[in-house]
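Chemist: Chains as they are written, first to last, in this note's numbering: chain D, 1 to 243; chain Z, 1001 to 1243.
The C-beta atom is built at its ideal place from N, Cα and C for all residues, glycine as well.
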DNA sequence: CGACGCTTTGACACAACTCAACAACCGTGG
DNA sequence: CCACGGTTGTTGAGTTGTGTCAAAGCGTCG
């Protein structure tokens, strides 16, 4: 657990300097998070809802179930990320969300977000920035699955995950916790679990990256980047307060 | 060319009933569209910008270029759709946009959008709805490429395109103009152009769909849906004015 | 007329999938 | 304490969907 403002404040702070008032507002909507057991489906594909969540602790994934029983994982939100914000504007949710570990989430009414946009425009743009970043990640994901080989895709996935975790202080340059199994990884990468296993072995053998015991160790960041053309995100704050 | 309000008004109207004032506002930002020649890159990957566009006429695509020279097409905006709205919030654009035919676009400052959010909240939520829908389409696209076979993916793509075009009155249940070539299609579907050709042949042979002479004809909608599990979007307006 | 963009086809290669089996690890209960 | 099933990881063998390479057909346009 980071400084009082939580992971969300930490993440948004890389984008815009927040006033004390805005920080209070953030704390307020993140009060009394609820506990959620591992494997619980917080939101279901096809349901309609008026609430969204901020993930406070633990891991989960948003996903889409297809007709033939297969599943595509869309994203792995990490602490500080919003869950289900998009769904509330569409009539029905186009995807589900399930926890992967025990987790804590803050629930909020979407109406609350609209109020915030009104009251704290800077905070509003910071949130818009965050959702834009999430979208950009989805788009990159799309490009990965559409055009990269299995090993490039996997390397890229872990680099991106590493960067996001570092942004909220949940990992170092070279190492982070990652309680995903190879089945979930497969559904995220658009591969079969068996092939994921082979790819992970190869990454290990060429001494680029190790994924073992719910833990990722990056042995050769440069090598991974060369493999897949990963581009680091520029994270310096770009919006300064006017006054 | 539809009624005076343009394609954007028509699209948003399926979501929320617009006041005369709001309609005027929409017309205003779409005044004096610029002409863009086919094959022109309106925005470039990696550039930073403060303007976005509304496509008025013609076809284009947003895409991502990868390190190895391959390309992934993210979306085919059609008239009434926004282009580059997300990019302006991130420091640099994560994708490019190029026209595919001669086109007309309205350029607008992002600041203008923020003003609209202020002045016409209903219009603001309609725009948010539209961007949420675009996101949902991207997510569906991701699932398609990750988990569907080439033929399912292709069928799904054309069904979705058909629905969007109908929404702005640019196609019927069974037929629409589609000036895409098989190379661009390939980059959108995450396939090789040659395989796209094979898939199109098969769709034609089993009498589901014909793609020829820049024109798509849907022979058997039901059959296509059965093939790929396409879900129609519920389009009844869900936001009614309060007063 | 030739050049060019796009489509079509065939032969072959290969990345990733499927099926099948086994190993390692866990918590549980007898 | 060990036996047990359940979950996850690992490996091999064979299959298949899709990519690559090569070439030809066909409009259109200068």
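Taking residue 1087 (chain Z) as the reference, which of D:74, D:128 and D:56 has the closest Cα?
Modeler: Here residue 1087 (chain Z) is taken as the residue at index 87 of the second chain, counted from 1. Measuring from the Cα of residue 1087 (chain Z), the nearest candidate turns out to be D:128.
Chemist: Would you call the CB atoms of residue 99 (chain D) and residue 58 (chain D) closer than 8 Å?
Modeler: Counting from 1 along the first chain, the entry for residue 99 (chain D) is found at position 99. Counting from 1 along the first chain, the entry for residue 58 (chain D) is found at position 58. Yes; because the gap between Cβ atoms is below 8 Å, this pair is in contact.
Chemist: Whole angstroms are fine: how far does the CA of residue 27 (chain D) sit from the CA of residue 5 (chain D)?
Modeler: Here residue 5 (chain D) refers to the residue found at position 5 of the first chain. Here residue 27 (chain D) refers to the residue found at position 27 of the first chain. The alpha-carbon atoms of residue 5 (chain D) and residue 27 (chain D) are separated by roughly 6 Å.
Chemist: Taking only the alpha-carbon atoms, compute the straight-line gap between residue 1068 (chain Z) and residue 144 (chain D) and give it to the nearest angstrom.
Modeler: In the second chain, the residue the question calls residue 1068 (chain Z) occupies position 68. In the first chain, the residue the question calls residue 144 (chain D) occupies position 144. For residue 1068 (chain Z) and residue 144 (chain D), the distance between alpha carbons rounds to 12 Å.
Chemist: Please work out which residues of its chain come closer than 8 Å, Cβ to Cβ, to residue 1168 (chain Z), disregarding the five sequence neighbours upstream and downstream, and give them in chain order.
Modeler: For the purposes of this step, residue 1168 (chain Z) is identified with residue 168 of the second chain, where counting begins at 1. So the list reads 1002, 1007, 1010, 1011, 1078, 1079 and 1080, once near-sequence residues are dropped.
Chemist: By the criterion of Cβ-Cβ separation under 8 Å, what are the contact partners of residue 1229 (chain Z) in chain D?
Modeler: On the second chain, position 229 is the one that residue 1229 (chain Z) refers to. Correct list: 66, 67 and 68.
Chemist: Please tell me whether residue 12 (chain D) has its Cβ less than 8 Å away from any Cβ of chain Z.
Modeler: As a first step, residue 12 (chain D) must be located in the first chain, where it is residue number 12. It does not: the Cβ of residue 12 (chain D) has no partner Cβ on chain Z nearer than 8 Å.
Chemist: What residue does the alpha helix (DSSP H) around residue 157 (chain D) start on, and which one ends it?
Modeler: As a working note, residue 157 (chain D) is residue 157 in the first chain. Residues 150–167.
Chemist: Residue 111 (chain D): buried (16+ other C-beta within 10 angstroms of its C-beta) or exposed?
Modeler: The count along the first chain starts at 1 and reaches residue 111 (chain D) at position 111. So residue 111 (chain D) counts as exposed.
Chemist: Tell me the residue span of the alpha helix (DSSP H) that contains residue 1007 (chain Z).
Modeler: On the second chain, position 7 is the one that residue 1007 (chain Z) refers to. 1006–1013 is the span of the alpha helix (DSSP H), which, as asked, contains residue 1007 (chain Z).
Chemist: With H, G and I counted as helix, E and B as strand and the rest as coil, what does DSSP make of residue 1174 (chain Z)?
Modeler: Start at 1 with the first residue of the second chain, and residue 1174 (chain Z) comes out as number 174. The three-state reading of DSSP puts residue 1174 (chain Z) in coil, since its state is none of H, G, I, E or B.
Chemist: Determine the closest residue to residue 1219 (chain Z) out of Z:1173, Z:1045, Z:1094 and Z:1046, with distance taken between C-alpha atoms.
Modeler: As a working mapping, residue 1219 (chain Z) is identified with position 219 in the second chain. Checked all of Z:1173, Z:1045, Z:1094 and Z:1046; the closest Cα to residue 1219 (chain Z) is Z:1173.
Chemist: Look at residue 103 (chain D) and residue 170 (chain D) and say whether their C-beta atoms are less than 8 Å apart.
Modeler: Walking along the first chain from the start, residue 103 (chain D) turns up at place 103. Walking along the first chain from the start, residue 170 (chain D) turns up at place 170. Between residue 103 (chain D) and residue 170 (chain D), the C-beta spacing is not below 8 Å.
Chemist: In chain D, which residues lie with their C-beta within 9 Å of the C-beta of residue 1081 (chain Z)?
Modeler: Counting from one through the second chain, the residue named residue 1081 (chain Z) turns up at place 81. Under the 9 Å cutoff, chain D gives no residues; its nearest Cβ is about 15 Å from residue 1081 (chain Z).
Chemist: Since residue 1095 (chain Z) meets chain D, which of its residues come closer than 8 Å, beta carbon to beta carbon?
Modeler: The sequence position of residue 1095 (chain Z) within the second chain is 95, counting from 1. 139, listed in chain order.
Chemist: Check distances from the C-beta atoms of the segment 1138–1164 of chain Z to those of chain D and list, in chain order, the residues that come in under 8 Å.
Modeler: 1138, 1139, 1140, 1141, 1142, 1143, 1145, 1146, 1147 and 1148
Chemist: With a threshold of 8 Å between beta-carbons, can residue 72 (chain D) be considered close to chain Z, or not?
Modeler: On the first chain, position 72 is the one that residue 72 (chain D) refers to. Taking Cβ atoms only, chain Z reaches closer than 8 Å to residue 72 (chain D), which makes this a yes.
Chemist: Residues in the same chain with beta-carbon distance under 8 Å from residue 182 (chain D), minus the five sequence neighbours each way, listed in chain order, please.
Modeler: To locate residue 182 (chain D), count along the first chain from 1; it is residue 182. Result list for residue 182 (chain D): 193, 196, 197 and 200, in chain order.
Chemist: Taking 8 Å as the CB-CB cut-off, is residue 990 (chain Z) touching chain D?
Modeler: Since the first and last residues shown for chain Z are 1001 and 1243, residue 990 (chain Z) lies out of range.
Chemist: Label residue 1064 (chain Z) either buried or exposed according to how many other C-beta atoms from any shown protein chain fall within 10 Å of its C-beta, with 16 as the threshold for buried.
Modeler: Taking the first residue of the second chain as position 1, residue 1064 (chain Z) is located at position 64. Answer is buried; the Cβ neighbour count reaches 16.
Chemist: Between the segment 1013–1024 of chain Z and chain D, which residues of the former have CB atoms less than 9 Å from a CB of the latter, in chain order?
Modeler: none
Chemist: With distances taken Cα to Cα, identify the nearest neighbour of residue 162 (chain D) among D:149, D:142 and D:178.
Modeler: Position 162 of the first chain holds residue 162 (chain D). Of the candidates D:149, D:142 and D:178, the one whose C-alpha sits nearest the C-alpha of residue 162 (chain D) is D:178.
Chemist: What ranges does the beta strand (DSSP E) occupy inside the segment 57–112 of chain D, keeping only unbroken runs of at least 3 residues that lie completely in it?
Modeler: 60–65, 71–75, 96–99 and 103–109
Chemist: Give the residues of chain Z in contact with residue 129 (chain D), contact being defined as C-beta atoms less than 9 Å apart.
Modeler: Residue numbering aside, residue 129 (chain D) sits at position 129 when the first chain is read from its first letter. Correct list: 1089 and 1090.
Chemist: Residues of chain Z with a CB under 9 Å from the CB of residue 193 (chain D): which are they?
Modeler: Here residue 193 (chain D) is taken as the residue at index 193 of the first chain, counted from 1. Those within 9 Å of residue 193 (chain D) in chain Z number zero; the least Cβ separation is about 13 Å.
Chemist: In this structure, how does DSSP classify residue 55 (chain D) when only helix, strand and coil are distinguished?
Modeler: In the first chain, residue 55 (chain D) corresponds to position 55, counting from 1. Three-state result, residue 55 (chain D): strand.
Chemist: Taking Cβ positions only, does residue 1135 (chain Z) come closer than 8 Å to chain D?
Modeler: Here residue 1135 (chain Z) is taken as the residue at index 135 of the second chain, counted from 1. With 8 Å as the cut-off, residue 1135 (chain Z) counts as an interface residue toward chain D.
Chemist: Looking only at its own chain, which residues have a Cβ that is under 8 Å from the Cβ of residue 46 (chain D), when we skip the five neighbours before and after it?
Modeler: Locating residue 46 (chain D) in the first chain gives position 46, where the first residue counts as 1. 92 and 93, listed in sequence order.
Chemist: Under 7 Å Cβ-Cβ, which residues of chain D neighbour residue 1032 (chain Z)?
Modeler: In the second chain, the residue the question calls residue 1032 (chain Z) occupies position 32. By Cβ distance, chain D contributes nothing, its closest Cβ being about 28 Å from residue 1032 (chain Z), past 7 Å.
Chemist: In this structure, does DSSP put residue 1049 (chain Z) in helix, strand or coil?
Modeler: Position 49 of the second chain, counted from the start, is the residue given in the question as residue 1049 (chain Z). Coil, per DSSP.
Chemist: Using only CA atoms, which one of Z:1211, Z:1188, Z:1229 and Z:1120 lies nearest to residue 1022 (chain Z)?
Modeler: For the purposes of this step, residue 1022 (chain Z) is taken as residue 22 along the second chain, with counting starting at 1. Considering only alpha carbons, the answer is Z:1120.
Chemist: Could you give the distance in angstroms between the alpha-carbon of residue 1035 (chain Z) and the alpha-carbon of residue 1105 (chain Z)?
Modeler: As a working mapping, residue 1035 (chain Z) is identified with position 35 in the second chain. As a working mapping, residue 1105 (chain Z) is identified with position 105 in the second chain. Here the alpha carbons of residue 1105 (chain Z) and residue 1035 (chain Z) stand approximately 7 Å from one another.
Chemist: Using a C-beta to C-beta distance shorter than 8 Å, which residues of chain D count as neighbours of residue 1086 (chain Z)?
Modeler: Numbered from 1 along the second chain, position 86 holds the residue referred to as residue 1086 (chain Z). Per Cβ cutoff of 8 Å: 132, 135 and 136.
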